[in-house]
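Participant:
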Ligand code: PMP
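Residue numbers (the numbering used here): 86 to 446.
Shown next as structure tokens:
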């Protein structure tokens, strides 16, 4: 068996230790003679798995007691709609900060339910930077302010959190949750699809302050109500049991590695190595994002000559470096280097890039 270095943006690489443990437990979870996937969610065993995952996530992110942790389905995309449905609470407006395709998509869904104020957009600069506080045109009548703190496609990451006063701040952290230390109490709601830094696809994590829930728009399906999920421990209906179990294993792995502080140090080391290579290439490779706002998780880059893209992709794949093709909307390459990516994987990529530039200079 040989595993590649997988730079996929999501579903993405998982820690090898976690995959091995899941494989070991696949036929016989803890002596029960069945896999976790085959077990009812209404068993004390699964109850232990889901509450264990919640407790580990609470410990990793220091989540205050007045926040609910919900394990949902429907992806981050469903949250684009569930957020206005739950957080408008009688108001009719919301502020959106647009720094890339994902925040743009969130606007599209919110506009179905309320008047959206675009408090900031970097569209005029091809989404290559994050706003400073004085660039935000916030509306104090807004029910909440929505940001995407790491734009997966353009690779733009917020290095500081907008100040929104009494208006709750809502953040899509899908592609960088658990990769840097955060102060949860600064947010009203944090959400993330699991398939990047948390586990397999099929699970979406929502962390929400408990005073914000319980007043959804009328006429919505029961499952759109955060309070219903909170009151039922995320098990009103059958939860994505295998994805929750895998997320739990990833959280245990992170704790054993030294927690979020250790993940952040590694992310800094990986991203500095890769951006260093791009910036030292004399324009052979380019990343267009403002340096202060460059993502530690998603590193898009172009080659000086795009006719070499296909050769780069073929040769990198042959070298055991998988899934470097950039998103179709921006082209070029993208290396997603989430928590499970070892520094050796980025070193292998950087070595390959240097060698490629020499050979195809
Ligand atoms: N937000 C961000 C920042 C993302 O990267 C993605 C997926 N790549 C989404 C939302 C949508 O997630 P999902 O496919 O889980 O709905």
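Here a beta-carbon is modelled for each residue, glycine too, at the ideal position from N, C-alpha and C.
For residue 281, does the count of other Cβ atoms within 10 angstroms reach 16, so buried, or fall short, so exposed?
Facilitator: Your numbering for residue 281 matches position 196 in the chain shown. It is buried - the Cβ of residue 281 has at least 16 other Cβ atoms within 10 Å.
Participant: According to DSSP, is residue 176 part of a helix, a strand, or is it coil?
Facilitator: Translated into the one-based positions of the chain shown, residue 176 becomes position 91. In this structure, residue 176 counts as coil in the three-state DSSP scheme.
Participant: Give me the DSSP bridge partner(s) of residue 153.
Facilitator: Counting from 1 along the chain shown, the entry for residue 153 is found at position 68. Paired residues: 293.
Participant: Could you spell out the range, first to last residue, of the beta strand (DSSP E) harbouring residue 204?
Facilitator: In the chain shown, the residue the question calls residue 204 occupies position 119. Looking at the DSSP string, the run of the beta strand (DSSP E) that includes residue 204 is 200–206.
Participant: Can residue 237 be considered in contact with ligand 3, in the sense that its beta carbon sits closer than 6 Å to one or more heavy atoms?
Facilitator: Looking for ligand 3 in the displayed structure turns up nothing; the ligands present are ligand 1.
Participant: Quick check: the stretch 178–197 against the stretch 225–244, are there 3 or more CB pairs under 8 Å?
Facilitator: Because the criterion of three Cβ pairs below 8 Å is met, the stretch 178–197 and the stretch 225–244 touch.
Participant: Considering only their Cβ atoms, is the gap separating residue 441 from residue 406 smaller than 7 Å?
Facilitator: As a working mapping, residue 406 is identified with position 321 in the chain shown. As a working mapping, residue 441 is identified with position 356 in the chain shown. Contact: no.
Participant: Going by Cα to Cα distance, which pick from 424, 415, 403 and 420 is closest to residue 88?
Facilitator: Taking the first residue of the chain shown as 1, we reach residue 88 at position 3. The shortest C-alpha separation from residue 88 is found at 403.
Participant: Pull up the distance between the alpha-carbon of residue 119 and that of residue 326, whole angstroms please.
Facilitator: As a position in the chain shown, residue 119 is number 34, starting the count at 1. As a position in the chain shown, residue 326 is number 241, starting the count at 1. Taking the straight line joining both Cα atoms gives about 14 Å.
Participant: Within 10 angstroms of the Cβ of residue 211, are there 16 or more other Cβ atoms? Answer buried if so, exposed if not.
Facilitator: Residue mapping note: residue 211 aligns to position 126 of the chain shown, counting from 1. Counting Cβ neighbours within 10 Å, residue 211 comes out exposed, since fewer than 16 surround it.
Participant: May I ask you to verify whether the stretch 420–427 touches the stretch 379–393, counting CB pairs closer than 8 Å and requiring at least 3?
Facilitator: At 8 Å Cβ cutoff, the stretches touch.
Participant: Taking 6 Å as the cut-off, is the CB of residue 260 close to at least one heavy atom of ligand 1?
Facilitator: Residue 260 sits at position 175 when you count from the first residue of the chain shown. Because some heavy atom of ligand 1 lies under 6 Å away, the Cβ of residue 260 counts as near it: yes.
Participant: Report the residue from 338, 432, 286 and 400 whose alpha carbon sits nearest the alpha carbon of residue 356.
Facilitator: Translated into the one-based positions of the chain shown, residue 356 becomes position 271. The option with the nearest alpha carbon to residue 356 is 432.
Participant: Cβ atoms of residue 195 and residue 180: under 7 Å apart, would you say?
Facilitator: Locating residue 180 in the chain shown gives position 95, counting from the first residue. Locating residue 195 in the chain shown gives position 110, counting from the first residue. Cβ distance not < 7 Å, so residue 180 and residue 195 don't count as in contact.
Participant: Between residue 146 and residue 263, what straight-line distance do the alpha-carbon atoms span, to the nearest angstrom?
Facilitator: Position 61 of the chain shown, counted from the start, is the residue given in the question as residue 146. Position 178 of the chain shown, counted from the start, is the residue given in the question as residue 263. Near 7 Å, if we compare the C-alpha coordinates of residue 263 and residue 146.
Participant: Please report the distance separating the alpha-carbon of residue 170 from that of residue 198.
Facilitator: By 1-based counting over the chain shown, the position of residue 170 is 85. By 1-based counting over the chain shown, the position of residue 198 is 113. C-alpha separation (whole angstroms): 7 Å.
Participant: With 16 other CB atoms within 10 Å as the buried threshold, where does residue 248 fall?
Facilitator: Here residue 248 corresponds to residue number 163 of the chain shown, with the count starting at 1. Exposed, by the Cβ-count rule.
Participant: Quick one: is residue 101 buried, meaning 16 or more other Cβ sit within 10 Å of its Cβ, or exposed?
Facilitator: Residue numbering aside, residue 101 sits at position 16 when the chain shown is read from its first letter. Result: exposed.
Participant: Determine the direct distance from the alpha carbon of residue 354 to that of residue 307, and round the result to whole angstroms.
Facilitator: Counting from 1 along the chain shown, the entry for residue 307 is found at position 222. Counting from 1 along the chain shown, the entry for residue 354 is found at position 269. Using only the alpha carbons, I get a separation of about 44 Å.
Participant: With burial defined as no fewer than 16 other Cβ atoms inside 10 Å of the residue's Cβ, what is the status of residue 270: buried or exposed?
Facilitator: What you label residue 270 is simply residue 185 of the chain shown in a count that begins at 1. Its Cβ having fewer than 16 others within 10 Å, residue 270 is exposed.
Participant: Checking 7 Å against the spacing of the C-beta atoms, do residue 152 and residue 375 come in under that value?
Facilitator: Position 67 of the chain shown, counted from the start, is the residue given in the question as residue 152. Position 290 of the chain shown, counted from the start, is the residue given in the question as residue 375. In this structure, residue 375 does not lie closer than 7 Å to residue 152 by Cβ.
Participant: In this structure, how does DSSP classify residue 92 when only helix, strand and coil are distinguished?
Facilitator: Here the question's residue 92 lines up with position 7 in the chain shown. Reduced to three states, the DSSP call for residue 92 is coil.
Participant: Let me confirm a value: residue 236 is counted as buried when at least 16 other C-beta atoms fall within 10 Å, else exposed. Which label applies?
Facilitator: On the chain shown, residue 236 is found 151 positions in, with the first residue counted as 1. So residue 236 ends up on the buried side.
Participant: Is it the case that the Cβ atoms of residue 319 and residue 155 are separated by a distance below 7 Å?
Facilitator: By one-based count along the chain shown, residue 319 stands at place 234. By one-based count along the chain shown, residue 155 stands at place 70. For residue 319 and residue 155, yes; Cβs fall inside 7 Å.
Participant: Alpha carbon to alpha carbon, what distance is there between residue 128 and residue 330?
Facilitator: Position 245 of the chain shown, counted from the first residue, corresponds to residue 330. Position 43 of the chain shown, counted from the first residue, corresponds to residue 128. Near 14 Å, if we compare the C-alpha coordinates of residue 128 and residue 330.
Participant: Does the beta-carbon distance from residue 231 to residue 255 come in below 7 Å?
Facilitator: As a working note, residue 231 is residue 146 in the chain shown. As a working note, residue 255 is residue 170 in the chain shown. Going by C-beta atoms, residue 231 is nearer than 7 Å to residue 255.
Participant: From the DSSP output, in three-state form, read off residue 171 for me.
Facilitator: To locate residue 171, count along the chain shown from 1; it is residue 86. Helix at residue 171.
Participant: Can you tell me whether residue 161 sits near ligand 1, meaning its C-beta is under 6 Å from at least one heavy atom of the ligand?
Facilitator: On the chain shown, residue 161 is found 76 positions in, with the first residue counted as 1. Flag set: Cβ of residue 161 near ligand 1.
Participant: With DSSP as the reference, identify every bridge partner of residue 131, one or two as the case may be.
Facilitator: Locating residue 131 in the chain shown gives position 46, where the first residue counts as 1. Partner(s): none; residue 131 has no beta bridge.
Participant: To which residues does DSSP link residue 231 through a beta bridge?
Facilitator: Counting from 1 along the chain shown, the entry for residue 231 is found at position 146. Per DSSP, 181 and 255.
Participant: Measuring alpha carbon to alpha carbon, tell me which of 215, 130 and 93 ends up nearest residue 378.
Facilitator: Against the chain shown, residue 378 aligns to sequence position 293. Among 215, 130 and 93, the Cα nearest to that of residue 378 is on 215.
Participant: Indicate the three-state DSSP secondary structure (helix, strand or coil) for residue 278 in the structure shown.
Facilitator: Translated into positions along the chain shown, residue 278 becomes position 193. Residue state, collapsed to three classes: strand.
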